[in-house]
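Chains as they are written, first to last, in UniProt numbering: chain A, 1 to 251; chain B, 1 to 251.
There are 2 protein chains.
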Amino acid sequence: MTTISAGPGAGAEPAGVRHVKRPTPLRESVYEALTEMIIDGTLERGRHLVEVELAGLLGVSRQPVREALQRLNNEGWVDLRPGFGAMVHVPAEDEVDQLLAARAALESESARLAARHATKEDVARLRELCKVGTAYQESGDIDGTVRTNGELHSLITEMSGNRFLVDFAAQVDRRVRWYYTPVAPVRGAASWREHNRLVKAISEGDEDKAAQIMREHTEHTRKAYHDLQSGAEPAETPEPEAAPRRRRRTT
Amino acid sequence: MTTISAGPGAGAEPAGVRHVKRPTPLRESVYEALTEMIIDGTLERGRHLVEVELAGLLGVSRQPVREALQRLNNEGWVDLRPGFGAMVHVPAEDEVDQLLAARAALESESARLAARHATKEDVARLRELCKVGTAYQESGDIDGTVRTNGELHSLITEMSGNRFLVDFAAQVDRRVRWYYTPVAPVRGAASWREHNRLVKAISEGDEDKAAQIMREHTEHTRKAYHDLQSGAEPAETPEPEAAPRRRRRTT
DNA sequence: GCACGGCACTTGGTAGACAGTCTACCAAGT
DNA sequence: ACTTGGTAGACTGTCTACCAAGTGCCGTGC
């Protein structure tokens, strides 16, 4: 799994290089399409993904599909069983917990480095996002809240200036969002209060404080998930609606 | 070396190959072979990797090579330029620094969780590794020291019980070792003193202390690298023997 | 009801083909 | 001498076709 970025220029391109247009490889588009379909539930968890079927669905040949599936496997979206094929990954119960723990470490460190390297512009953008996010939250716009939350967090990781932290965090974040979107609305107000404190610490350049707040912040999210999980989920029924599917053969 | 056994087209198997049952996908073997060749310098940094060439070299067809290359690209070992191909990644100067910073975060968190979950057996194994490592270090066995150091660190990350931390740390570690092996022997004695303190903290279940020590430990390594880098490397000449030829045709 | 055998399906890997693109090189023009 | 234009070769990205081996499923026979 894992994509440790592999930017073509590895960073320091001369200032004004504007590469025109590069038709993205087909495998890339296939990869995007499949993750999308996995996240939005078109491809249910545990479903057997047949190469030729996907190929037909997307209008390409087997090759790009295979390459996309390999990558999805590496990144943990599907499980590739040799000789049988790919199944959409079914998360273990402790997996979200582990993801959130990993995210806590990554984002906490990012916040530390962000506090170290923050510029005036960065801080201004952070403040703006806080304001917007709080507004969304108060107006009950869940979609906007979630989106702004994501933007804030990803901006902070990017401010760390550490490509690996950015990559890892992005990966973890995407997985978390797939597994458990609805945690965000649960703890809305408190979350944005914490964001404000965090941005303040960053603006003051207080590394330890920023790291500490971010750790507590993500840890709160983990707790919130945990409570909600144990409270609202009595049995082994991930989705009450999707259960009666019976390994349907494609007709 | 580098020839992947089990080549159906190759035929010429050396005498001692155990062909017991190898359902290992070829792409996996190709991936391993290529990382090996990258790490040991057979494939120099910046070199253009031609699919058919590698395929011939390893006795397989293009497809497994392609799949391996894409994984290598995802993990940052090579850079894949669309329409041109793969080049062995040339690390930017700040990259090792970023890797070590990421490792600090990951291993520090691992140490914290290891302290939380440590069993008696774990601690015993840690103590054993410390003893062995110190012995290697004192006897001047660099190879053994480095190996034991790796085993100790990977044991600690595994003790965290967090698969993602393990994966990320392993990946980062592998990259670090590629970029900069010789940092280990530089700071030998101090390193193992720190290891001992770390194991003590873990055995006592002191999470914060374990995390703190691990952070300082990796941070020391980062500093050591940094000093050694600025002090001992005047120019851009990683290997005096590596031909500075421009795009040399392969013979 | 259960073990066994066979069948269909799917993957993993190979081979070959072809268009698009990238690089280098060479030649002609200014 | 320097730029422009063209050419040729090389390599990737993708497609098609094909085959061997492995897997799960199903029906048969007991």
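Backbone N, C-alpha and C define an ideal beta-carbon position, used for all residues, glycine too. Bear in mind the structure is a predicted one, so any value in this text is a computation, not a measurement.
Own chain, CB closer than 7 Å to residue i, minus 5 neighbours either side, in chain order
{"i": "residue 133 (chain B)", "result": "145, 148, 149, 152, 192, 195"}
{"i": "residue 21 (chain B)", "result": "Caution is warranted here: a pLDDT of 46 is assigned to residue 21 (chain B), below 50, making its placement in the model unreliable, and no coordinate value can be reported."}
{"i": "residue 227 (chain B)", "result": "none"}
{"i": "residue 189 (chain B)", "result": "137"}
{"i": "residue 214 (chain B)", "result": "107, 108, 111, 198"}
{"i": "residue 78 (chain B)", "result": "49, 69, 72, 86, 87, 88, 89"}
{"i": "residue 30 (chain B)", "result": "4, 58, 60, 64, 65, 68"}
Nonlocal neighbours in the same chain, by C-beta distance under 6 Å from residue i, ignoring five residues either side
{"i": "residue 98 (chain A)", "result": "none"}
{"i": "residue 69 (chain A)", "result": "86"}
{"i": "residue 114 (chain B)", "result": "156, 159, 160, 202"}
{"i": "residue 25 (chain B)", "result": "none"}
Other residues of its chain near residue i: CB distance less than 8 Å, five sequence neighbours each side excluded
{"i": "residue 117 (chain A)", "result": "159, 160, 161"}
{"i": "residue 106 (chain B)", "result": "157, 165, 168, 169, 172"}
{"i": "residue 218 (chain A)", "result": "100, 103, 104, 107, 108"}
{"i": "residue 80 (chain A)", "result": "69, 70, 73, 86"}
{"i": "residue 206 (chain B)", "result": "115"}
{"i": "residue 95 (chain A)", "result": "179"}
{"i": "residue 35 (chain B)", "result": "72, 77, 174"}
Proximal residues of chain A, C-beta to C-beta of residue i below 7 Å
{"i": "residue 172 (chain B)", "result": "164"}
{"i": "residue 98 (chain B)", "result": "162, 163, 164"}
Reference residue i, options the options, closest by Cα
{"i": "residue 177 (chain B)", "options": "B:113, B:24, B:189, B:38", "result": "B:38"}
{"i": "residue 74 (chain A)", "options": "B:172, B:197, B:215, B:67", "result": "B:67"}
{"i": "residue 55 (chain A)", "options": "A:33, A:221, A:222", "result": "A:33"}
{"i": "residue 220 (chain A)", "options": "A:229, A:210, A:187, A:79", "result": "A:187"}
{"i": "residue 119 (chain A)", "options": "A:218, A:155, A:215, A:211", "result": "A:155"}
{"i": "residue 130 (chain A)", "options": "A:224, A:111, A:109, A:197", "result": "A:197"}
{"i": "residue 91 (chain A)", "options": "A:212, A:180, A:217, A:59", "result": "A:180"}
{"i": "residue 108 (chain B)", "options": "B:77, B:59, B:210", "result": "B:210"}
{"i": "residue 27 (chain B)", "options": "B:53, B:58, B:41", "result": "B:58"}
{"i": "residue 175 (chain B)", "options": "B:76, B:42, B:53", "result": "B:76"}
7 Å Cβ cut-off: residues of chain B touching residue i
{"i": "residue 84 (chain A)", "result": "In chain order: nothing, as chain B lies at least about 11 Å away."}
{"i": "residue 106 (chain A)", "result": "105"}
{"i": "residue 25 (chain A)", "result": "82"}
{"i": "residue 74 (chain A)", "result": "71, 74"}
Chain A contact residues for residue i, given Cβ-Cβ distances below 8 Å
{"i": "residue 169 (chain B)", "result": "None at all; the shortest Cβ gap to chain A is about 10 Å."}
Beta-carbon neighbours of residue i, restricted to chain A and to distances below 9 Å
{"i": "residue 254 (chain B)", "result": "This structure gives no information on residue 254 (chain B), because the portion of chain B shown stretches from 1 to 251."}
{"i": "residue 67 (chain B)", "result": "66, 67, 70"}
The ligand FAD heavy atom lying under 7 Å from the CB of residue i
{"i": "residue 178 (chain A)", "result": "The model depicted lacks the ligand FAD and carries no ligand whatsoever."}
Any contact between the region 83 to 94 of chain B and the region 49 to 56 of chain B? By contact I mean 3 or more CB pairs, one from each, below 8 Å. yes
Can at least three beta-carbon pairs, one atom from the region 52 to 69 of chain B and one from the region 94 to 114 of chain B, be found at a separation below 8 Å? no
Would you call the region 119 to 126 of chain B and the region 197 to 214 of chain B in contact, with 3 or more CB pairs under 8 Å? yes
Residue ranges of each beta strand (DSSP E) run of no fewer than 3 residues wholly in the UniProt domain "HTH gntR-type" (24 to 91) of chain A, ordered along the chain? 78 to 81, 85 to 88
Please list the segments of the alpha helix (DSSP H) lying wholly inside the region 114 to 180 of chain B, counting only runs of 4 or more residues, in order along the chain. Listed in chain order, they are 120 to 139, 142 to 159, 163 to 179.
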